[in-house]
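Letter by letter, the sequence shown follows residues 77 to 492 of the working numbering.
The beta carbon of each residue, even a glycine, is placed where N, CA and C say it ideally should be.
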Amino acid sequence: MDFFEYKNGELHCEDSKLSLLAERYGTPSYIYSQSTLLKHCRRLLQAFSNYPTTACFAVKSNSNHTVLKTIFEEGFGADLVSAGELQRSLSAGVDPSKIVFSGVGKLDNEILMALDANIMSFNVESDFELHSIARLAAVRKKVARVSLRINPNIDAKTNEKIATGLYSTKFGIPETELQAHLQIIKNSPHLKLIGVACHIGSQITELAPLREAAHRMATIAKDVVAAGFPIELVDMGGGLGIKYSKENAIELEDYATTLIDAIKPTGLKLVIEPGRVLVGNIGVLLTQVIGVKKTPQKNFIIVDAAMNDLIRPTLYGSYHDIIPVVQSLEKTATTLCDFVGPICESSDFLGKDRTCVVPKAGDLFAIRGCGGYAAIMSGNYNSRAMAPEIIVEGTRERVIKRRQLLPEIWQYELQD
Ligand code: LLP
């Protein structure tokens, strides 16, 4: 559910016309809906309201300051993976006692920073990481709270580039290695095991793998308690998929019931790390047609957004719906078209083989599903400035990241 709708034949974000936003702020631009964000946050918390749950927003999915601030004000903690994400989250007001620090390669300075912030949990993925955290906690004269991220070897049935639950990936500790890791923790006065964690992948659209993972983690948690570690929590990670096109989106209530049913018998607290499900559908990438090239094969609609703005189609072959800002463009006879950017690569495309009315220069399109893993993954390839982010609430618009100025692209380089 989102608040991007046609009213009188014109696409709106809440009560603002996208055509007016394009006039005011130019294109390409990311446009977010504040009401959609709030709705998603509240529905998710509501779904888990009957069980002690800490929801830590996966900051990597959209770390714009204003977006983070809104999400933290709604009561979410943070799942983060770097010193940068830690600093951002603290400056956006996160409660440090609701932070989990994930990732396979935490650096010493990052571990120290997180120790100083008194975070809830380091989600540890290797023996060398346990040794580093113990060493640095000793320096700080602290006891670090750690959870072991387990790789349960479960196929999340998603795009293989964003699947993390199988032994073929770099993530987590294989169950077979669990005992050895527990021993390291037992031997260190600077480590306290507070939980077990997993994250089997992202954009998951079937409940079965999540259910299997939750039951597996409940069993592991019980074994860990029986082995003499009085842990507090089971962290089930993120991964809930959204509707980009025709895929099945799991209902939040079904997701919550599935996790709670599995974890409840352990008596432990639940932690979740949602990213995409909160932000994925809060935004569109607004773009303008530069021109149309007709070839014997197909029509290429060349737009002013490109793979540097939105890399998901290029990187994962991801599908994003592309809809016209003026609805009449949707109605009449259609042709097979590729939406492509101006970057000098054949891999620079935003949508392939779409049926649409052949547009003309200046027509506007909205690329949907661009609130998560979109602006955040943009770059400066071809020395293209990064697009602004604008959030709309009713008729109120706020530029929450301004368009980058061209000289800012090369400002860190040595100038003769
Ligand atoms: N927790 C951990 C440890 C993660 O690695 C991730 C995502 C999440 C939580 C949040 O997952 P979500 O609820 O958003 O599915 N760039 C890719 C997605 C990469 C996801 C990486 N990890 C994309 O554009 O689809």
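Just confirm the distance between the C-beta atoms of residue 241 and residue 228, as a whole number of angstroms; I'd bet it's less than 8 Å.
For the purposes of this step, residue 241 is taken as the residue at position 165 of the sequence shown. For the purposes of this step, residue 228 is taken as the residue at position 152 of the sequence shown. Their Cβ separation, rounded to whole angstroms, is 6 Å, which keeps residue 241 and residue 228 in contact under 8 Å.
Is there at least one non-hydrogen atom of the ligand LLP closer than 7 Å to the beta-carbon of residue 275?
Counting from 1 along the sequence shown, the entry for residue 275 is found at position 199. Residue 275 has its CB nearer than 7 Å to a heavy atom of the ligand LLP.
When DSSP builds the beta bridges, which residues end up paired with residue 199?
Counting from one through the sequence shown, the residue named residue 199 turns up at place 123. Answer is 223, bridged to residue 199.
Can you tell which of 196, 432 and 292 has the C-alpha that lies nearest to the C-alpha of residue 376?
Translated into the one-based positions of the sequence shown, residue 376 becomes position 300. Ranking the options by Cα distance to residue 376, first place goes to 432.
Tell me the DSSP secondary structure of residue 399 in three-state form.
Taking the first residue of the sequence shown as position 1, residue 399 is located at position 323. Looking at residue 399 - three-state DSSP - the assignment turns out to be strand.
Sequence-distant residues of its chain with Cβ nearer than 6 Å to residue 358 (five each side left out):
Position 282 of the sequence shown, counted from the first residue, corresponds to residue 358. 108, 109, 112, 113 and 447, listed in sequence order.
Look up residue 364 in the DSSP assignment and say whether it is helix, strand or coil.
Position 288 of the sequence shown, counted from the first residue, corresponds to residue 364. Of the three classes helix, strand and coil, the one that applies to residue 364 here is strand, per DSSP.
Check residue 205 in the structure and name its three-state DSSP category.
Counting from one through the sequence shown, the residue named residue 205 turns up at place 129. Residue 205: helix per DSSP, three-state reduction.
Check residue 328 in the structure and name its three-state DSSP category.
One-based indexing of the sequence shown puts residue 328 at position 252. DSSP places residue 328 in helix when its eight states are reduced to three.
Give me the DSSP bridge partner(s) of residue 87.
If you number the sequence shown from 1, residue 87 lands on position 11. For residue 87, which the question treats as bridged, DSSP gives the partners 82.
Residue 156 - containing beta strand (DSSP E), residue span:
Counting from 1 along the sequence shown, the entry for residue 156 is found at position 80. Per DSSP, residue 156 belongs to the beta strand (DSSP E) from 153-156.
With distances taken from CA atoms, which of 322, 420, 104 and 313 is nearest residue 272?
For the purposes of this step, residue 272 is taken as residue 196 along the sequence shown, with counting starting at 1. Of the listed residues, the one whose Cα sits closest to residue 272 is 313.
Considering residue 95, what are the terminal residues of the alpha helix (DSSP H) in which it resides?
Position 19 of the sequence shown holds residue 95. It spans 94-101 - the alpha helix (DSSP H) in which residue 95 sits, taken as one unbroken run.
Which of helix, strand or coil does DSSP assign to residue 143?
Position 67 of the sequence shown, counting from 1, holds the residue named residue 143. Of the three classes helix, strand and coil, the one that applies to residue 143 here is helix, per DSSP.
Using DSSP with H/G/I as helix, E/B as strand and the rest coil, what is residue 274?
Here residue 274 is taken as the residue at index 198 of the sequence shown, counted from 1. Coil, per DSSP.
Is it right to say residue 505 is buried, meaning 16 or more other beta carbons lie within 10 angstroms of its own, or is it exposed?
No statement about residue 505 is possible, as the shown extent of the chain runs from 77 to 492 and does not include it.
Check the C-beta distance from residue 166 over to residue 193 and give it rounded, since I have them as a contact under 8 Å.
Translated into the one-based positions of the sequence shown, residue 166 becomes position 90. Translated into the one-based positions of the sequence shown, residue 193 becomes position 117. Indeed they touch by this definition, with Cβ atoms about 6 Å apart.
Is the CB-CB distance between residue 451 and residue 479 below 8 Å?
Position 375 of the sequence shown holds residue 451. Position 403 of the sequence shown holds residue 479. Contact: no.
Would you mind reading off the limits of the beta strand (DSSP E) that contains residue 109?
If you number the sequence shown from 1, residue 109 lands on position 33. Counting along the chain, the beta strand (DSSP E) containing residue 109 begins and ends at 105-109.
At which residues does the alpha helix (DSSP H) containing residue 429 begin and terminate?
As a first step, residue 429 must be located in the sequence shown, where it is residue number 353. Residue 429: not part of any alpha helix (DSSP H); member of the beta strand (DSSP E) spanning 425-432, first to last residue.
Following a CB-centred definition, is residue 380 positioned closer than 7 Å to any heavy atom of the ligand LLP?
Counting from one through the sequence shown, the residue named residue 380 turns up at place 304. Checking every heavy atom of the ligand LLP against the Cβ of residue 380, none is found closer than 7 Å.
Quick check: is any heavy atom of the ligand LLP less than 7 Å from the C-beta of residue 353?
Counting from one through the sequence shown, the residue named residue 353 turns up at place 277. Within the cutoff, so yes.
Given 7 Å as the limit, tell me if residue 240 has its C-beta closer than that to any heavy atom belonging to the ligand LLP.
Residue 240 sits at position 164 when you count from the first residue of the sequence shown. Residue 240 Cβ: within cutoff of the ligand LLP.
With distances taken between CB atoms, is the gap from residue 476 to residue 142 smaller than 8 Å?
As a first step, residue 476 is located in the sequence shown; it is residue number 400 there, counting from the start. As a first step, residue 142 is located in the sequence shown; it is residue number 66 there, counting from the start. The answer is yes: Cβ separation under 8 Å.
Determine the DSSP secondary structure at residue 263, reduced to helix, strand or coil.
Translated into the one-based positions of the sequence shown, residue 263 becomes position 187. The answer is helix: DSSP assigns residue 263 an H, G or I state.
From the DSSP output, which residues share a beta bridge with residue 414?
As a position in the sequence shown, residue 414 is number 338, starting the count at 1. Answer is 376.
Beta strand (DSSP E) segment containing residue 346, residue limits:
As a position in the sequence shown, residue 346 is number 270, starting the count at 1. Here the beta strand (DSSP E) through residue 346 covers 345-348.
Residue nearest to residue 135 in terms of C-alpha spacing, selected from 121, 105, 126 and 157:
Mapped onto the sequence shown, residue 135 falls at position 59. When only C-alpha atoms are compared, the closest one is 157.
So, using beta-carbon positions, are residue 362 and residue 442 closer together than 8 Å?
The residue labelled residue 362 in the question sits at position 286 within the sequence shown. The residue labelled residue 442 in the question sits at position 366 within the sequence shown. Cβ distance < 8 Å, so residue 362 and residue 442 count as in contact.
Just the C-alpha distance for residue 226 and residue 428, rounded to the nearest angstrom, thanks.
Numbered from its first residue, the sequence shown carries residue 226 at position 150. Numbered from its first residue, the sequence shown carries residue 428 at position 352. Roughly 38 Å between the two C-alpha positions.
Run through DSSP, which three-state label would residue 160 get?
Numbered from 1 along the sequence shown, position 84 holds the residue referred to as residue 160. Residue state, collapsed to three classes: helix.
If I follow the unbroken alpha helix (DSSP H) through residue 296, where does it start and stop?
Here the question's residue 296 lines up with position 220 in the sequence shown. That run of the alpha helix (DSSP H) goes 283-302.
Between which two residues does the alpha helix (DSSP H) containing residue 242 stretch?
Your numbering for residue 242 matches position 166 in the sequence shown. Here residue 242 belongs to no alpha helix (DSSP H), and DSSP marks it neither H nor E.
For the alpha helix (DSSP H) that contains residue 390, what are its first and last residues?
Along the sequence shown, one-based indexing puts residue 390 at 314. Run containing residue 390: 388-392, per the alpha helix (DSSP H) assignment.
Following a CB-centred definition, is residue 91 positioned closer than 7 Å to any heavy atom of the ligand LLP?
As a working mapping, residue 91 is identified with position 15 in the sequence shown. Checking the Cβ of residue 91 against the ligand LLP gives no.
Give a yes or no on whether 8 Å exceeds the smallest Cβ distance from residue 298 to chain B.
Included in the structure is just one protein chain, with no chain B present.
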